[in-house]
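S.K.: For the record, in the sequence shown the residue sitting at position 35 is 29 according to the numbering used here, with numbers rising by one throughout.
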Amino acid sequence: MRFLIPLALLSAAAAQEAPNLTIADFLSEWRVAQAETDRGEKVARFSRLAERLAPSFNRYKALLDADKAAGRPPRACPVKGSKATVDINALVTDLEKLSEAQRAAPMDAAIFAQLDRRFPCPTA
C-alpha cells in the first residue's frame, strides 16, 4: 500500500507534548499495519501511525521557522505552499537498513534526515 503523508495536512496542534516515537516502535507498528488483513482496520492503523508522526513533522517545521527568525541559514528549503509529501515506503526502506542500536533513536532524527535530503537548499 502506497502511503504518503501530505506535509500541509499536519497540524501544529498535534505537536503539543506528544511523546516522540522511536524508530523501533514505528517499524513495529508499521509491520502490524502491513500485516492487517481487514482493509478498514489496515487504513485505520496507517491513519493512526500518520497521526503519531505528525509531531515530528511539526517539530521540523518549528526548527526551520526558528532558524529563519534567528537569521540562521536553513537546514532545508521546502517550497512554501507546495503539496509536498513524504513517501513513507522510502522512509521505511531507509529505517530497515539501520542497526538495532540505531533504531532506539527517535523518529525525529530519521524524519529530519529524510526531509533535509528531500528539500536541499540551492547552492549559491
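Glycine included, every Cβ here is placed at the ideal spot set by N, Cα and C.
1. Return the chain-ordered list of same chain residues with a C-beta closer than 8 Å to the C-beta of A7, the five sequence neighbours on each side being excluded.
2. Name the residue from R42, V73, R111 whose alpha carbon lies nearest to the alpha carbon of A27.
3. For D32, which of helix, strand or coil comes out of DSSP?
4. With DSSP collapsed to three states, give me the class of V26.
5. Tell me the DSSP bridge mates of P68?
6. Determine the extent of the alpha helix (DSSP H) in which A119 is found, giving its start and end residues.
7. For my contact list, E30 and R39 are in at a C-beta cut-off of 8 Å; report their separation, rounded to the angstrom.
8. Using only alpha-carbon positions, find the residue among S22, L58, A64 that is nearest to C71.
9. Secondary structure at T87, three-state DSSP: helix, strand or coil?
10. Suppose you measure from the CA of F106 to the CA of K36; what does that come to, to the nearest Å?
11. Do you know whose CA, among Y54, D32, A48, lies nearest F113's CA?
M.R.: Based on what the coordinates show:
1. Numbered from 1 along the sequence shown, position 13 holds the residue referred to as residue 7. Low confidence applies to A7: its pLDDT is 45, below 50, so where it sits in the model is not reliable, and the reading given next is rough at best. Cβ within range, chain order: n/a, list empty.
2. For the purposes of this step, residue 27 is identified with residue 33 of the sequence shown, where counting begins at 1. Nearest C-alpha to A27: R42.
3. Along the sequence shown, read from residue 1 onward, the residue named residue 32 stands at position 38. D32 falls in the coil class under three-state DSSP.
4. Working through the sequence shown from its first residue, we reach residue 26 at position 32. If DSSP states are grouped into helix, strand and coil, V26 belongs with the helices.
5. One-based indexing of the sequence shown puts residue 68 at position 74. Answer by DSSP bridge pairing: none, since P68 is not bridged.
6. As displayed, the chain neither begins before -5 nor continues past 118, which places residue 119 out of reach and without an answer.
7. Within the sequence shown, residue 30 is the residue found at index 36, counting from 1. Within the sequence shown, residue 39 is the residue found at index 45, counting from 1. With 8 Å as the limit, E30 and R39 qualify as a contact, their Cβ atoms being about 6 Å apart.
8. Reading the sequence shown from its first residue, position 77 is the one you call residue 71. The candidate whose alpha carbon is nearest that of C71 is L58.
9. Mapped onto the sequence shown, residue 87 falls at position 93. If DSSP states are grouped into helix, strand and coil, T87 belongs with the helices.
10. For the purposes of this step, residue 106 is taken as residue 112 along the sequence shown, with counting starting at 1. For the purposes of this step, residue 36 is taken as residue 42 along the sequence shown, with counting starting at 1. Going by the C-alpha atoms only, they are around 26 Å apart.
11. Translated into the one-based positions of the sequence shown, residue 113 becomes position 119. The shortest Cα separation from F113 among Y54, D32, A48 belongs to Y54.
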